[in-house]
Amino acid sequence: MEDMKDILLEYVIEEYLEDEDEEITYDTPLISGGIVDSFSMVSLKRFVENKYKISIPDDKATPEAFDTVESIVELVKKYIN
Amino acid sequence: MAFSEKIRNIYKEELKGIEEAGIFKKERYIHSPQAADIEVEFPKGSSLKKVINMCANNYLGLSSHPEVIKAAHEGLDSRGYGMSSVRFICGTQDIHNELERKVTEFLGTEDTILFPSCMDANAGVFEAVLGKEDVMISDRLVHASIIDGIRLASAEHDTFKHSNMKHLEKKLQLHSDKCRRVVITDGVFSMDGDTAKLDEMVALCEKYDAMLFVDDSHASGFIGKTGRGTHEKCGVVGKIDIITTTFGKALGGASGGCVSGRKEIVEMCRQKARPYLFSNTIAPVVVAGVMKVFDILSASTERRDKLEANSTYWRKGLEDAGFVLQPGDTPIVPIMLFNAKLSQDISNDLYEKGIYAIGFFFPVVAKGQARIRTQISAGHEKHHLDKALGVFIEVGKKYDILGKTKQEIIEMYGL
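These protein sequence lines are chains A and S, in that order. First residue of the first sequence? That's -16 in the working numbering, and the numbers climb one at a time after it. First residue of the second sequence? That's 58 in the working numbering, and the numbers climb one at a time after it.
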């Protein structure tokens, strides 16, 4: 799943970070850390759904589940199978 | 009794959590009309303190203008106090229609519809004019009321990085399959005081067949050469499809707002916008006051010119003193402190010395972006600004932040 981690990390950097922002890693808190606001999280959800051809129910797409690249990978894995 | 101890305790815990997070809001009671000089009771029960107000949205100093007050009195006498009805039953007076016409003329749009507030305008407009086959693409720093309006609408939504036109273009390409696209932005962003790049946004919207929505609440009346707003400053009057704005800030500061723009959009709001349909509109007394505001602004640019001069003077004074400011050229001048506690401590010290300016920190602004937001008014005289500047410098010296860079302040106080 390293591949998925890297794909997600790259997407988060491209979609949410400004040039002057510090680097992030797989376990950087995205939402609780103020990098991704919960309102903008929607594009992240749509990205993983389209990329991995899955559908994540809204009640499972919580700010906690989307808080780090690692937790998103865990969530996506559940729905791939 | 349905409000059991168990329920009460749940609320108590929740409120305790808000207090512990340091975001519990306390009101300060002002015992005077809104103006540059005000008398404040804070904390509750304490004796009144005379302070200079540096945090009101009273940009043009019209909140307590004698001509506006006189017009409001006349409106009260001639049209009564309340309407006791929503607009489409028996809650529309001739003056409501007249105000809508004045706003249309002032903003250079096709038509206008009044709402009880701009919060209501933003909450109602998207649901009324878009369906699930459409998409709303908003700047990430838009006002909370727009976020609420987006949440209430059935159209898909997406966001773009703040004022990042390349990112916006990508999003417009990504959503090219949607029926209607609407790009959503503030004209002037309330926390940073920066201005949207409306000229570039208009060009992108024309290229990708998208509508453009602008909330100009922090601009109407004073941004642009004749104060029409951000669209005037950017040279795109007549090219914004939907403008929302408020009468609760520069335009008299009482209450009320509107949607102004393409006539079909306005008509859709009249037919479908829920805050318009299910709430009384602006009270006659306020309508009369706002109409006088437009008369004052149409007769002369004196007040917006004074505001511009005051804002430049204030910004230069702070810059020369060595504060770190958020760049911009509007009357919103944020003094960057980065650390939340520092912003609160400095705000408290300023108040002690007679200057009323509020500190903002996460979650109102991004983490590590704590600041004191100052807002300049045409109601400020030079002596107000000089006194405030003196106090800011005194407090800045106390905390040793003058002449320090962002990095140095963060090293001293942390994030």
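Where a beta carbon is used, it is the ideal one built from N, C-alpha and C, also for glycine.
For chain S, check one thing: does any of its Cβ atoms lie closer than 9 Å to the Cβ of ASP20/A? Sequence index remark: in the first sequence, residue 20/A carries index 37 (1-based). True, the Cβ-Cβ gap to chain S drops below 9 Å.
Does any CB atom of chain S fall closer than 9 Å to the CB of GLU(-7)/A? Within the first sequence, residue -7/A is the residue found at index 10, counting from 1. GLU(-7)/A does not count as touching chain S.
Excluding sequence positions up to five away, which residues of its chain have a Cβ less than 8 Å from the Cβ of ASP249/S? Locating residue 249/S in the second sequence gives position 192, counting from the first residue. The beta carbon of ASP249/S sits closer than 8 Å to the beta carbons of LEU198, GLN383, GLY385, ILE389, PRO391 from its chain, once the five residues preceding and following it are set aside; these are given in chain order.
Using 9 Å as the limit for Cβ to Cβ distance, is PRO420/S near chain A? Translated into the one-based positions of the second sequence, residue 420/S becomes position 363. Yes, PRO420/S counts as interfacial toward chain A.
Got a sec: which bits of the stretch 198 to 211 of chain S sit with their beta carbon under 7 Å from any beta carbon on chain A, in order along the chain? Only those residues of the stretch 198 to 211 of chain S whose C-beta falls short of 7 Å from the nearest C-beta of chain A are listed: ILE204.
Taking DSSP as the reference, what is the three-state secondary structure of PRO332/S? Counted from its first residue, the second sequence places residue 332/S at position 275. PRO332/S falls in the helix class under three-state DSSP.
On the DSSP bridge list, what partners appear for VAL192/S? Taking the first residue of the second sequence as 1, we reach residue 192/S at position 135. According to DSSP, VAL192/S bridges with GLU213/S, ARG238/S.
Exposure of GLN473/S, with buried meaning 16 or more beta-carbon neighbours within 10 Å: The requested residue 473/S does not occur in the structure, where chain S is confined to residues 58 to 472.
What residues from chain S crowd round VAL25/A, counting only those whose CB sits closer than 8 Å? Here residue 25/A corresponds to residue number 42 of the first sequence, with the count starting at 1. Per Cβ cutoff of 8 Å: HIS214, ASP215, THR216.
Cβ pair VAL52/A, LEU0/A closer than 9 Å: The residue labelled residue 52/A in the question sits at position 69 within the first sequence. The residue labelled residue 0/A in the question sits at position 17 within the first sequence. The Cβ-Cβ distance between VAL52/A and LEU0/A does not fall below 9 Å.
Three-state class that DSSP yields for ALA435/S in the structure shown: As a working note, residue 435/S is residue 378 in the second sequence. Residue state, collapsed to three classes: coil.
Cβ shell of ILE466/S (< 6 Å), same chain only, five flanking positions each side left out: By one-based count along the second sequence, residue 466/S stands at place 409. Result list for ILE466/S: PHE395, ILE458, in chain order.
Listed from N- to C-terminal order along the chain, which residues in the stretch 31 to 60 of chain A have their beta-carbon within a distance smaller than 7 Å of any beta-carbon of chain S? none
From what residue to what residue does the alpha helix (DSSP H) around VAL186/S run? Residue mapping note: residue 186/S aligns to position 129 of the second sequence, counting from 1. Counting along the chain, the alpha helix (DSSP H) containing VAL186/S begins and ends at 175 to 186.
Beta-bridge pairing of ASN367/S - partner residues as DSSP gives them: Working through the second sequence from its first residue, we reach residue 367/S at position 310. ASN367/S pairs with nothing; no bridge assigned.
Interface partners of ALA180/S on chain A, CB under 9 Å: Numbered from its first residue, the second sequence carries residue 180/S at position 123. Near ALA180/S there are no residues of chain A at all, since even the closest Cβ is about 15 Å away, more than 9 Å.
Extent of the continuous beta strand (DSSP E) to which PHE172/S belongs: Walking along the second sequence from the start, residue 172/S turns up at place 115. Where PHE172/S is concerned, the enclosing beta strand (DSSP E) starts and stops at 168 to 172.
Could you list which residues in chain A have their beta carbon closer than 8 Å to that of ALA423/S, in chain order? Locating residue 423/S in the second sequence gives position 366, where the first residue counts as 1. The contacting residues are GLY17.
Environment of GLU243/S [buried if 16+ CB atoms lie within 10 Å]: The sequence position of residue 243/S within the second sequence is 186, counting from 1. Strictly speaking, residue 243/S in this sequence is Asp, with Glu absent from that position. Classification of ASP243/S: buried, given that the 10 Å Cβ count is 16 or more.
Flag PHE417/S as yes when its Cβ comes closer than 8 Å to any non-hydrogen atom of the ligand ZN, and as no otherwise. With respect to small molecules bound, the structure shown includes none, and the ligand ZN cannot be examined in it.
Candidates ASP151/S, ALA267/S, PHE380/S, of which the one nearest ILE339/S by Cα: For the purposes of this step, residue 339/S is taken as residue 282 along the second sequence, with counting starting at 1. Of the candidates ASP151/S, ALA267/S, PHE380/S, the one whose C-alpha sits nearest the C-alpha of ILE339/S is ASP151/S.
For THR283/S, report the span of its beta strand (DSSP E) as first-last. In the second sequence, the residue the question calls residue 283/S occupies position 226. Counting along the chain, THR283/S falls outside any beta strand (DSSP E), and DSSP gives it neither H nor E.
Cutoff 7 Å; reference LEU171/S; Cβ partners in own chain excluding five residues on either side: For the purposes of this step, residue 171/S is taken as the residue at position 114 of the second sequence. Same-chain partners within the cutoff: HIS153, LEU156, GLU157, GLY313, CYS315, THR338, ILE339.
Considering only C-alpha positions, which residue in the set GLU365/S, ALA129/S, TYR456/S, LEU472/S is nearest to MET348/S? Locating residue 348/S in the second sequence gives position 291, where the first residue counts as 1. Of the listed residues, the one whose Cα sits closest to MET348/S is ALA129/S.
Please list, in chain order, the chain S residues whose beta carbon lies closer than 9 Å to that of GLU1/A. If you number the first sequence from 1, residue 1/A lands on position 18. Under the 9 Å cutoff, chain S gives LYS218, HIS219, ASN221.
Should the stretch 219 to 231 of chain S be called in touch with the stretch 351 to 364 of chain S, which here means at least 3 C-beta pairs below 8 Å? no
Please list the terminal residues of the continuous alpha helix (DSSP H) segment that includes PHE419/S. The count along the second sequence starts at 1 and reaches residue 419/S at position 362. Premise fails: PHE419/S is in no alpha helix (DSSP H) and is neither H nor E.
Where do the N-terminal and C-terminal ends of the beta strand (DSSP E) with THR301/S fall, by residue? Working through the second sequence from its first residue, we reach residue 301/S at position 244. It spans 299 to 303 - the beta strand (DSSP E) in which THR301/S sits, taken as one unbroken run.
Please list, in chain order, all residues of the same chain as ILE322/S whose beta carbon is under 6 Å from its beta carbon, the five residues on each side excluded. For the purposes of this step, residue 322/S is taken as residue 265 along the second sequence, with counting starting at 1. Closer than 6 Å at Cβ, skipping near neighbours: VAL186, ILE299.
Residues of its chain near GLY416/S, where Cβ-Cβ distance is below 6 Å and the 5 sequence neighbours each way are ignored: Position 359 of the second sequence, counting from 1, holds the residue named residue 416/S. Cβ neighbours of GLY416/S beyond the five flanking positions: SER400, GLN401, SER404, ILE429.
Taking the C-alpha atoms as reference points, what is the distance between VAL259/S and LYS296/S? Translated into the one-based positions of the second sequence, residue 259/S becomes position 202. Translated into the one-based positions of the second sequence, residue 296/S becomes position 239. Their backbone Cα atoms lie some 7 Å apart in a straight line.
Rounded separation between GLU263/S and GLN230/S - CA only: Residue mapping note: residue 263/S aligns to position 206 of the second sequence, counting from 1. Residue mapping note: residue 230/S aligns to position 173 of the second sequence, counting from 1. Using only the alpha carbons, I get a separation of about 13 Å.
Considering only DSSP beta bridges, list what LEU269/S is partnered with. Numbered from its first residue, the second sequence carries residue 269/S at position 212. Paired residues: VAL240/S.
Between the stretch 199 to 213 of chain S and the stretch 176 to 186 of chain S, do at least 3 Cβ pairs fall closer than 8 Å? yes
For SER54/A, which residues from the same chain have a beta carbon less than 8 Å from its beta carbon, with the 5 sequence-adjacent residues on both sides left out? In the first sequence, the residue the question calls residue 54/A occupies position 71. For SER54/A, where only same-chain residues beyond five positions count, the Cβ hits under 8 Å are GLU47, ALA48.
Identity of the residue in VAL108/S, ASP134/S, GLY318/S nearest ASP406/S by Cα: By one-based count along the second sequence, residue 406/S stands at place 349. Out of VAL108/S, ASP134/S, GLY318/S, VAL108/S has the C-alpha closest to the C-alpha of ASP406/S.
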